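Protein chains in written order, with the numbering used here: chain U, 48 to 235; chain E, 48 to 235.
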DNA sequence: CGCCCCATGTAACCAGTTACATGATTTT
DNA sequence: AAAATCATGTAACTGGTTACATGGGGCG
């Protein structure tokens, strides 16, 4: 149940509403965890009724009211406990690998198109991450003496960058391999 | 619903029982997809009743009977259709990254222990993958003229190897970063 | 007038995990 | 005698996705 803990970390970094959290999950937190607004609202409600979070209704002008959540003491304790528990190193779960092995029984041209498409997406993500790194960490606008929180955010981002670079290189390997095989076998 | 398709690919590579599939999901297929036997049995039953698979009960000596599944024509068609549909390039979902950012609000020593543990697991996985590569693809026992299916299996395995290497390098980066933060910062 | 942004949620469904259950055979 | 392997499954639960729903404000 790491979504709960991701929310705790994000709210410790900065309190905010469900809507704001959803947008963070499209950005920085989303580098390594995704969540839809529906699920975020549901989990926030559960965490609040469990006493992990405090809510404050904030009236706004020209906008609907929002519920600003922040971490209560039991929430901080729950996060700390989780941080001290070992978690399972997760395994890959890669649909594309299924497709690659499936291509032995089907048209390889379709696989080439699909892999090229994925390669473009990962190229875009890499560019996006690199731009974020420049903006927040290595560019001239970046805060000169980074604090511990920023160093940790940066090393997480470097992980995303390394992942995208690795993936792109692998997809190139896949493309070269499939093209070398040519048309191996007609579908029976 | 990629488990269905992973099962179709695996059964095309070689027909087998639910138990055998579960074993395969601990090995080669498991490099990029995991599944428990419970789920495999449930999905197999559903696929069979949908006419995607054919079953044959095989009596064995000294062992329980087994149900050997193989791919029926509609199953092959379903796989082919899926192979021609684009799929979403998936995003990372990495609990450890949540922990790393959470360490800004907690004891970094616990994080160091956890990261070291993960690094060992990924080191073991890498060694396991490399051994498999030597055994099946690059060693003297490997089949001399590899067919298309083997080339594709190999490129998937290379992806797993690249992933583990990248992850290990990143975890080293994380360790160096956290240890540097733990050390007293020299006054500017 | 239509579309996007802000902001919140409900309901139905699906995929996957964990726990429970059985029983023979083979290995240590 | 105990543990592991072969072989099959059910039941309860949890986490996540998709579809549906509402409503004001700003912009072109």
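Using N, Cα and C, we set each Cβ at its ideal position, and we do this for glycine too. Computed from a predicted structure; not experimentally measured.
Beta-carbon proximity of residue i to residue j, cut-off 8 angstroms
i                     : j                     : result
residue 145 (chain U) : residue 49 (chain E)  : yes
residue 126 (chain U) : residue 52 (chain U)  : yes
residue 78 (chain E)  : residue 202 (chain E) : no
residue 95 (chain E)  : residue 102 (chain E) : yes
residue 161 (chain U) : residue 133 (chain E) : yes
residue 90 (chain E)  : residue 54 (chain E)  : yes
residue 157 (chain E) : residue 131 (chain U) : yes
residue 197 (chain E) : residue 190 (chain E) : yes
residue 65 (chain U)  : residue 88 (chain U)  : yes
Minimum C-alpha distance to residue i - residue among the options
i                     : options                       : result
residue 229 (chain U) : U:159, U:206, U:95 and U:91   : U:159
residue 165 (chain E) : E:216, E:137, E:108 and E:199 : E:216
residue 74 (chain U)  : U:140, U:130, U:222 and U:176 : U:176
residue 221 (chain U) : E:223, E:205 and E:220        : E:205
residue 195 (chain E) : U:85, U:80, U:128 and U:225   : U:225
residue 137 (chain E) : U:110, U:109, U:80 and U:193  : U:80
residue 140 (chain E) : U:181, U:227, U:207 and U:100 : U:207
residue 69 (chain U)  : U:84, U:55, U:56 and U:182    : U:84
residue 223 (chain E) : E:56, E:155 and E:86          : E:155
residue 56 (chain U)  : U:183, U:100 and U:135        : U:100
residue 227 (chain E) : U:193, U:76 and U:182         : U:193
residue 86 (chain U)  : U:111, U:181 and U:72         : U:72
Where residue i meets chain E, residues with beta-carbon distance less than 7 angstroms
i                     : result
residue 210 (chain U) : 139 and 213
residue 185 (chain U) : Going along chain E, no residue has its Cβ under 7 angstroms from residue 185 (chain U), so there is no contact; the nearest lies around 14 angstroms.
residue 127 (chain U) : 153
residue 157 (chain U) : 130 and 131
residue 228 (chain U) : 195 and 198
residue 161 (chain U) : 133
Chain-ordered neighbours of residue i on chain U, where CB pairs are closer than 8 angstroms
i                     : result
residue 145 (chain E) : 49, 52, 53, 56, 79 and 80
residue 216 (chain E) : 209
Partners in chain E for residue i, counting only beta-carbon separations shorter than 8 angstroms
i                     : result
residue 207 (chain U) : 139
residue 177 (chain U) : Those within 8 angstroms of residue 177 (chain U) in chain E number zero; the least Cβ separation is about 16 angstroms.
residue 180 (chain U) : What residue 180 (chain U) touches in chain E: nothing, since even the nearest Cβ is about 14 angstroms away.
residue 173 (chain U) : Here the premise fails: no neighbours, minimum Cβ distance about 12 angstroms.
Beta-carbon neighbours of residue i, restricted to chain U and to distances below 7 angstroms
i                     : result
residue 142 (chain E) : 49, 134 and 137
residue 221 (chain E) : 202
residue 168 (chain E) : 136
Contacts of residue i in chain U (Cβ-Cβ under 9 angstroms)
i                     : result
residue 224 (chain E) : 198, 199, 201, 202 and 205
residue 164 (chain E) : 133 and 136
residue 106 (chain E) : Residues of chain U passing the Cβ test: none, with the nearest at roughly 29 angstroms.
Proximal residues of chain E, C-beta to C-beta of residue i below 9 angstroms
i                     : result
residue 149 (chain U) : 52, 53, 55, 56, 59, 126, 127, 129, 130 and 199
Contact the stretch 133-153 of chain E vs the stretch 51-64 of chain U: 3+ CB pairs below 8 angstroms = yes
Three or more C-beta pairs closer than 8 angstroms, one from the stretch 166-180 of chain E and one from the stretch 208-221 of chain E: is that the case here?
-> yes
Should the stretch 111-129 of chain U be called in touch with the stretch 114-124 of chain E, which here means at least 3 C-beta pairs below 8 angstroms?
-> no
Unbroken alpha helix (DSSP H) runs of length 4 or more, entirely within the stretch 137-183 of chain U: which are they?
-> 142-149 and 155-180
Inside the stretch 64-138 of chain E only - beta strand (DSSP E) runs reaching at least 3 residues | 100-105 and 113-118
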